[in-house]
Amino acid sequence: MDTKKVHIMDHPLIEHKLSIMRDKDTTIKEFRECAHEVGLLIGYEATKNLETERFELETPLTKTTGTRIKKSVALVPILRAGLGMVDALMDLIPKARIGHIGLYRDEETLEPHEYYCKLPPDIEERKVLVLDPMLATGGSAVSAIDFIKKRGAKDINFVCIIAAPEGIETLHKAHPDVDIYCGCVDQGLNENGYILPGLGDAGDRLFGTL
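Note that this note's numbering gives residue 195 to position 203 of the sequence shown, counting from 1, and the numbers run on in steps of one.
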């Protein structure tokens, strides 16, 4: 694993909010709020290498030179849990286009299957941030990025809240060019492919379908 491609956040606010999200007694409202706040903090780091350009502008007092984002961004949540991170990233990048990739996991084989994929038509020209709260086995992340690359995108980051070492290894092996940004790396997976200690099923806890 190329550690230069894996960016693990080390911040007390993230640790604090993740602890709230892990607690089984945390309400849906609190879970959503923390997911949004953690998404903001991780998104800030995941966008630090966005390509910029200089331009001339005029303040109320004088002319000067400013900086603006040069390359457009696309946010692609993996349905459904990835939707819980979209608003946070949109707060940071309001002009970003949004695509969606729908995957479901076979409960026996743990393999992902696509049921929906809709991306911006100019996806190949954009910086793509793939969003999913959990990077567990890595299968869904790999498949989602496969689909995005088939449509021409080359500049892709994967953004998650919690990752398992197995998922990081799987994603890095399949897509060594993709940087991974995550709030923390947990100890590993259980026999059902869930992250331990984790926080349960992120989709169920975001949308109240426990």
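For each residue, glycine too, the CB sits at the ideal point set by N, CA and C.
If distances are taken between C-alpha atoms only, which option among the options comes closest to residue i?
i	options	result
A88	A128, L42 and E48	L42
T44	K63, K55 and R24	K63
M77	R46, L5 and F150	F150
A136	G35, Y96 and E161	Y96
R14	D178, G74, P113 and L163	D178
K176	Y186, N184 and A155	In the sequence under discussion, the amino acid at residue 176 is Cys, which differs from the Lys named in the question. Per the Cα distances, A155.
I148	I20, E158 and K119	K119
G144	D83, E117 and G74	E117
Distance, Cα to Cα, residue i vs residue j?
i	j	result
A128	E50	48 Å
D209	R197	With the chain covering only -7 through 202, there is no way to say anything about residue 209.
T101	I140	23 Å
I115	K146	9 Å
G192	E37	25 Å
G200	K55	52 Å
K142	L111	11 Å
Can the beta-carbon of residue i be found closer than 9 Å to that of residue j?
i	j	result
L10	V30	yes
V65	I93	no
L71	I90	no
V(-2)	C109	no
G130	I160	yes
A80	H28	yes
L84	L5	no
Drop a sphere of 10 angstroms on the beta-carbon of residue i, count the other beta-carbons inside from all chains shown, and report buried for 16 or more, exposed for fewer.
i	result
D98	exposed
K165	exposed
P125	buried
P104	buried
K40	exposed
F47	exposed
L188	exposed
R60	exposed
D169	exposed
G35	buried
G190	buried
G58	exposed
P113	exposed
Unbroken stretches of the alpha helix (DSSP H), 4 residues or longer, contained in the segment 83 to 160: 131 to 142
Segments of 4+ residues assigned as alpha helix (DSSP H) that fall wholly inside the segment 43 to 78: none
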